[in-house]
Amino acid sequence: MSRPLDMLINLRKQAVQRLFESKFKAEMRITVGSATCENAAGSEAVHSRFEELMGEHAPKATVLSRVGCAGKCDMEPVVTVITRNSIPTKYIHMTPERVDEVFKKHVLDGEPIEEWTMRHHAGIKKAERVVSVCECRECLRNGGKAIEKAFLAEIEKSGLSDRVVVMRSAAQGPEEHGPLAYVYPEEVMYKELTPEKVTEIVASHLVEGKPVDTYVWTGDRIANRFQPVFGDVPFFGSQLRLTLRNCGVIEPESLDEYLAVRGYEAAAHALTDITPDDVVKTVFDSGLRGRGGGGFPSGVKWRFAASQKVDQKYIICNADEGDPGAFMDRSTIEGDPHTILEGMIIGGYAIGATKGFIYIRAEYPLAITRLEKAITDAREAGFLGSGIFGSDFDFDIEVRLGAGAFVCGEETALINSIEGKRGMPRPRPPYPSIEGLWGKPTVINNVETFANIPVVLLDGAEWFSTVGTEKSAGTKVFALAGDVKNTGLIEVPMGTTLREVVYGVGGGILDDREFKAVQTGGPAGGCLPASLLDTPIDYDTLAEVGSIMGSGGMIVMDEGSCMVNVAKFFLDFTQNESCGKCTPCREGTKRMLEILTRISEGEGVEGDVEKLLRLAETIKMTSLCGLGQAAPNPVISTITHFREEYDSHIRDKHCSAGVCSALATYSIDAEKCIGCTACKRVCPVDCITGAPKVAHVIDDKECIKCGSCFDACKFDAVKR
Amino acid sequence: MTESTKVEVVIDGVTVQAAPEQTIMDVADGIGIRIPRLCYHPSLSTLGACRICVVEVEGQRNPVTACTFPVADGMKVRTSSPLLRKLRRDVVELLLDNHPKECQTCERSGNCELQDLAYSLGVRERLFEGERKRFPRDASSPAVIRDPEKCILCGRCVRVCEEVQGVTNLSQQHRGFTNVVAPAHDCDMSDSVCIQCGQCINVCPTAAFVENSSTDEVLDALGNPDLHVVVHTAPSIRAAVGEGFGFPVGTPVTGKMVTACRLMGFDQVFDTNFSADLTIVEEATEFLSRIASGDRLPLITSCSPGWVNFMERFYPELMPLASTCKSPMSMLSTLLKTFYAEKTGIAPEKIYVVSVMPCTAKKFEAKRPEHMAPEGYPYTDAVITTREFVWLAKCLGVDFQNLPDGEFDNPLGESSGAGDIFGATGGVMEAALRTAYEKVTGETCPNLDFMDVRGVEGVKEATIDIKGTKINVAVSNGLNNAKTILDRVEKGDKTYHLIEIMACPGGCVAGGGQPYPPSGTYVLDPELTKKRAQALYTIDAQKTLRKSHENPSILKLYEDFLGEPNGHKSHELLHTNYTAQEPRGVR
């Protein structure tokens with residue numbers, strides 16, 4: 001029998017050869033973002049237009065392919081043009097019309113259209129080279145600031161200021177070798193920098209074009225696949241992409257491309273060189289914790305299941321992503337489906353399961369299509385089925401669709417659903433790792449957890465455990481949304497502070513308004529105020545301050561958000577999604593929602609907050625599953641941090657954010673009003689009176705509190 | 001179990017040895033600590049849904065449910081604390097807040113687990129009252145009424161329907177606050193696969209399931225001077241009805257029951273046991289002729305209307321095997337409007353037949369077209385359950401406890417001991433075997449006690465040697481157990497000659513219309529069923545007449561009216577047929 005790793009290496013060689021012939025030898029490659037979000041933004045039309053044009057003009061040296069979503073939602077569709085010896089150009093907001101222009105100017109004439117690029121949007125000028133200096137905490141501790149200064153000074157001195165851009169990034173990967181700096185387009189990572197070394201690098205590399213090999217970090221981490229393509233844009237440069245390492249980089253439907261980025265090497269390596277027990281130990285040692293929200297150590301879970309001596313065990317990938325606004329798992333699957341399969345294969349081998357299920361919501365058709373294609377391709381290649389990788393280990397995977405109930409993301413409800421039962425949680429114990437699917441030991445991890453497994457095995461548990469914090473190793477993917485400048489999918493090391501996310505990766509609050517709160521953990525999480533912005537993001541710290549990590553929702557809110565309303569929104573969600581099995585969740589969330597509703601409608605009475613807290617305690621302590629146990633979190637955290645807002649709703653019948661329409665009162669400040677009539681013209685019920693150039697008046701009795709006048713006034717004269 | 005596998009647990013300061021597979025609730029029960037509970041039922045799978053039995057376990061972040069949590073060595077448990085009392089109180093209040101405020105007018109008033117809990121946990125005010133769920137009451141079925149507004153979603157009915165009866169008609173539907181227990185697609189009970197057995201009523205802690213009561217009709221009939229109102233009581237009533245009047249479980253009260261009927265105003269009081277004997281004579285004849293022809297075997301009994309409904313929906317292909325005999329209730333009711341009417345000269349339309357049954361499915365059976373007279377009137381006018389009988393007696397001021405014993409009216413009141421044991425699982429089989437033995441051999445059966453077919457086990461099999469003729473018999477109770485036997489029949493795994501199936505677990509003594517058990521026992525408790533059955537076996541043992549075919553009134557009936565067993569008149573009046581029903585059940 002040949003060794004699995006030999007088989008894999010052989011297949012990879014063939015794949016790379018095929019890719020070279022079909023793609024990589026081309027002068028120019030164009031990739032079009034292709035994912036649910038990209039498609040919704042119109043990327044298929046963009047792709048088609050490129051195809052038409054290339055068919056018409058057929059520049060031989062150009063190839064077109066699809067890649068997953070890189071995570072910059074507000075800029076989609078994204079098109080990347082990659083040419084040799086220059087930094088990949090990322091075009092944003094592409095349309096078929098823009099394609100025509102890009103094709104003419106960039107593809108045919110070699111002149112990028114700078115104003116449509118990501119770097120232009122980020123305020124970075126086009127340059128021959130980009131030096132990205134890592135300013136993660138580790139690098140800063142080792143003198144990263146001085147390195148940035150040294151680069152700037154030396155570049156100035158060498159007269160390269162117009163040709164080289166120096167940018168700050170964070171989390172470039174091998175931070176144990178910091179301070180680090182990455183130079184585009186040579187894709188060179190300099191390690192252990194000192195100002196002296198910088199002088200030498202500028203002179204040799206930046207002036208003469210000769211990288212200083214002795215200072216180059218020569219390690220190869222699969223975690224470093226993303227940076228060469230996207231790292232020159234600050235939004236991406238300040239992230240560390242382990243889970244999302246291949247998203248936006250490889251063609252998701254191509255097994256060859258996955259193989260080329262060392263895909264399936266971790267699985268083959270495990271099957272060849274590592275005993276199942278040692279795989280479990282590696283995962284344990286890495287400190288990887290479940291990314292689905294609970295943060296249970298994956299190694300412990302695997303160990304429980306591995307120690308069961310039974311005929312059949314199962315591996316389940318939980319892809320039933322249900323938090324409102326969360327799309328981490330969908331993007332990961334759509335951008336890099338083979339990673340999930342590989343993580344599951346390794347899990348199956350480790351615990352002795354021969355069968356895996358991916359439970360994914362039916363509302364993710366593209367992700368399902370890509371998973372199914374990946375499974376078919378992996379089977380054909382011998383990575384799934386009987387005797388995988390030529391070993392004597394059998395493992396296969398089946399996709400199971402969920403109908404979209406939020407509670408089916410809870411592992412025991414998910415098991416019920418796969419078994420064909422109503423998706424309601426079961427009491428634990430017994431835990432699934434002892435008695436799960438069809439009563440057999442079952443390991444359930446979510447998409448993100450499985451995506452990390454190949455990284456743990458190839459880049460090493462030891463390294464992995466150094467990323468993040470002591471108790472929360474690795475990175476976390478978040479769907480950053482709300483009133484923040486950069487929204488999208490982000491991945492940062494654990495321990496990154498909320499401030500770093502909001503003001504760093506997120507670029508700060510929209511229109512530079514006042515930050516009010518950040519909500520993490522989705523409906524099970526909490527709202528944290530400005531005073532907690534320096535909280536490091538890890539499982540335990542977030543829990544301590546009354547929120548949770550959750551699966552990765554992160555919503556930033558500015559002063560225009562009403563905390564009572566936010567709590568009401570999430571509770572409305574959970575009470576709708578409660579399966580109805582246990583009393584406190586089914587009945588209690590309804591009562592909490594009723595109280596919140598009356599508070600927001602001006603019907604709140606003294607004692608309501610106390611009732612909310614009493615119900616919250618009962619629900620948290622007695623609910624059957626995580627859904628109910630966490631449902632009161634948004635209410636508790638908003639009461640804890642924004643109690644005065646509840647009190648003013650109840651006592652003063654006032655909503656300072658002006659969100660609770662029943663409480664809003666609008667009036668016009670006669671001092672500020674210049675009588676421009678703008679408010680009068682937009683009022684849908686004609687309740688504003690006043691002659692031009694005379695202060696206007698709102699008739700409160702007629703006013704329907706729609707807020708149109710408030711938005712229309714340019715003189716800050718309308719008060720609410 | 002060896003000592004070494006035991007664990008030591010401390011519950012409320014009491015150190016106790018336990019088996020590791022025991023739950024906290026189980027162990028606490030054993031030392032006299034009764035943790036409040038609601039969804040838990042000892043005979044059903046554990047759900048952990050109501051969250052009332054929460055207890056504190058040292059080292060656990062949150063309280064855990066005692067009904068689901070296994071004990072472990074060194075575990076320290078507190079079953080009561082200010083926190084637990086608050087949590088339990090609030091959880092029960094949450095149930096009450098979404099429950100009609102109809103305690104005084106509710107059928108389960110004074111006999112409601114929710115009411116008891118609210119009282120004992122000290123819910124004296126409603127802190128969180130708000131919107132209440134609204135669902136229509138489903139009275140489409142003649143047997144079982146579903147009232148979702150009173151449902152507290154404990155899931156016992158869902159579990160009994162699936163796990164005990166194998167019907168799976170009920171399930172929780174919709175999410176959160178809109179959650180409701182209903183048949184598939186929210187359809188009416190009458191359009192569902194419900195087999196009308198009433199076990200959902202028995203396990204329901206509130207009045208979310210109740211029988212479709214006929215007491216008003218009975219009261220009207222009793223008050224109508226133009227009607228000749230007669231009653232007959234099923235074998236198992238005498239073993240259970242006493243519980244409704246404070247007698248200990250298993251007290252036979254045949255005589256008091258008869259007297260009560262007379263005091264309530266019934267003109268004649270007959271015994272369904274009489275027609276149980278008649279059923280045996282007819283069925284034994286049918287069985288022997290099938291044996292002789294080697295045709296349509298095994299013969300499967302057809303007395304249990306829940307089973308008949310089940311067969312017609314789940315196993316219609318086995319209908320040819322079922323005995324064509326009507327149930328004892330239908331046989332007697334038919335005779336009352338034919339033979340009895342003829343004999344007394346009372347027009348059958350003027351005779352109002354009430355049957356007292358342990359069963360809700362009988363209400364459905366009585367309304368089946370097969371059980372109507374050709375003239376269009378029903379043979380049985382009203383079926384009341386044992387529970388309704390108890391209520392009726394109380395309503396009519398009958399002091400049951402202190403009644404003298406009475407005797408059934410004749411000739412339709414005389415019965416053998418074989419008729420009495422019809423009420424227990426295996427009883428029909430035993431009665432049939434007594435007669436079959438003597439019919440086959442022409443000799444006296446040496447031992448009338450067929451112990452192999454007695455007992456509350458779900459499936460019993462035996463081979464009966466009738467002087468060299470081996471008869472393979474099987475007995476099941478609880479329809480999920482029937483599946484075991486029926487699937488063997490279908491696959492041809494085993495040759496059976498005679499099969500008795502009773503729908504309810506333990507037979508009619510634990511039927512869907514029997515009294516809610518007194519405290520100290522519970523619905524589906526095998527001990528309860530055994531005691532009720534024992535009452536019947538005791539009556540049987542004390543009789544000298546113990547074989548159906550020796551009942552002189554039966555013999556006279558054939559002589560005067562029916563002719564011979566399985567004869568033309570019998571077929572016309574005492575036999576029936578079956579029809580596959582839609583919707584079909586999923587096995």
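In order, the protein sequences belong to chains A and B. Note that this note's numbering has the first sequence beginning at 1, numbered continuously upward. Note that this note's numbering has the second sequence beginning at 1, numbered continuously upward. Glycine included, every Cβ here is placed at the ideal spot set by N, Cα and C. Being a predicted model, the structure only gives us computed values, none of them experimental.
- Query: Taking Cβ-Cβ distances below 9 angstroms as the criterion, which residues of the segment 6 to 17 of chain A are in contact with chain B?
  - Reply: none
- Query: Looking at the unbroken alpha helix (DSSP H) that takes in A:F304, where does it start and where does it end?
  - Reply: S298 to A306
- Query: Can you tell which of A:V566, A:K476 and A:V477 has its C-alpha closest to the C-alpha of A:K801?
  - Reply: The structure shown does not extend to residue 801 of chain A, since chain A is modelled only from 1 through 720, so no value can be given for it.
- Query: What residues are listed by DSSP as bridge partners for B:N477?
  - Reply: B:M502
- Task: Note down, in chain order, every chain B residue with its Cβ under 8 angstroms from the Cβ of A:G526.
- Result: Here the premise fails: no neighbours, minimum Cβ distance about 17 angstroms.
- Beta-carbon proximity check, A:T36 vs A:S65, cutoff 7 angstroms: No, these two residues do not count as a Cβ contact at 7 angstroms.
- By a C-beta neighbour count over all protein chains shown, 10 Å radius and 16 as the cutoff for buried, is B:T444 buried or exposed? exposed
- Query: What's the gap between the Cα of B:F314 and the Cα of B:C157?
  - Reply: Between B:F314 and B:C157, the C-alpha separation is close to 19 angstroms.
- Task: Sort out for me which residues DSSP pairs A:K476 with in a bridge.
- Result: As a beta-bridge residue in DSSP terms, A:K476 pairs with A:V492.
- Using a C-beta cutoff of 7 angstroms, does A:T412 count as contacting chain B? no
- Query: Do A:G550 and A:G525 have their C-beta atoms closer together than 7 angstroms?
  - Reply: For A:G550 and A:G525, yes; Cβs fall inside 7 angstroms.
- Which residues mark the beginning and the end of the alpha helix (DSSP H) in which B:M329 is found? P328 to L335
- Task: Only counting runs of 4 or more residues, tell me where the alpha helix (DSSP H) segments fall wholly within the segment 166 to 207 of chain B, in order along the chain.
- Result: 199 to 203
- Selection from A:E76, A:Y184, A:K104 and A:A150 that minimises the alpha carbon distance to A:K725: Not covered by the structure: residue 725 of chain A. The range shown for chain A is 1 to 720.
- Could you tell me which chain B residues have their CB closer than 9 angstroms to the CB of A:L437, listed as they occur along the chain? Contact of A:L437 with chain B by beta-carbon distance below 9 angstroms is absent, the smallest such distance being about 17 angstroms.
- Roughly how many angstroms lie between the CA atoms of A:V280 and B:V71, to the nearest whole one? 29 angstroms
- Taking DSSP as the reference, what is the three-state secondary structure of B:A322? Strand, per DSSP.
- C-beta atoms of B:V440 and B:I466 nearer than 7 angstroms: yes
- Query: For the beta strand (DSSP E) that A:H120 lies in, which residues bound it at each end?
  - Reply: A:H120 -> not in any beta strand (DSSP E); alpha helix (DSSP H) instead, spanning M118 to H121.
- Item | A:F20 classed as buried or exposed, judged by whether at least 16 other C-beta atoms fall within 10 angstroms | exposed
- Task: State buried or exposed for A:G521, treating a residue as buried only when at least 16 other CB atoms are found within 10 Å of its CB.
- Result: buried
- Item | Outcome for A:L108 when other beta-carbon atoms lying within 10 angstroms are tallied against a minimum of 16 | exposed
- Using the C-alpha atoms, what's the distance from B:K483 back to B:K491? 12 angstroms
- If contact means a Cβ-Cβ distance below 8 angstroms, which residues of the segment 40 to 64 of chain B contact chain A? T46, L47, G48, A49, C50, R51, I52, V54, N62 and P63
- Task: Decide yes or no for the touch test of the segment 188 to 208 of chain B against the segment 300 to 313 of chain B: beta carbon pairs closer than 8 angstroms, at least 3 of them.
- Result: They touch, by the three-pair rule.
- Task: Give a yes or no on whether the minimum CB-CB distance between B:T5 and chain A is below 7 angstroms.
- Result: no
- Message: Between B:K133 and chain A, is any beta-carbon pair separated by less than 7 angstroms?
- Response: Chain A has no Cβ within less than 7 angstroms of the Cβ of B:K133.
- Message: Quick check: the Cα distance between A:F235 and A:D558, rounded to an integer number of angstroms?
- Response: 20 angstroms
- Item | Minimum C-alpha distance to A:Q239 - residue among A:G468, A:A664, A:V635 and A:G560 | A:G468
- Message: For a cutoff of 7 angstroms on Cβ pairs, would you count A:Q519 as touching chain B?
- Response: no
- Query: At a CB-CB cut-off below 9 angstroms, which residues of chain A make contact with B:S171?
  - Reply: Chain A residues near B:S171: R422.
- Query: Considering only residues of the segment 405 to 429 of chain B, which uninterrupted alpha helix (DSSP H) runs meet the minimum length of 4 residues and lie entirely inside it, listed in chain order?
  - Reply: Runs of the alpha helix (DSSP H) lying entirely within the segment 405 to 429 of chain B and spanning at least 4 residues, in chain order: 417 to 420.
- Query: For B:R175 and chain A, any beta-carbon pair shorter than 7 angstroms?
  - Reply: yes
- Message: Quick check: the segment 203 to 221 of chain B against the segment 368 to 376 of chain B, are at least 3 beta-carbon pairs closer than 8 angstroms?
- Response: Contact between the segment 368 to 376 of chain B and the segment 203 to 221 of chain B is absent: fewer than 3 CB-CB pairs across the two stretches fall below 8 angstroms.
- Item | Beta-bridge pairing of B:Y352 - partner residues as DSSP gives them | B:V229
- Quick one: residues in its chain with C-beta nearer than 6 angstroms to the C-beta of B:G426, no 5 flanking neighbours on either side, listed in chain order? V453, R454 and V475
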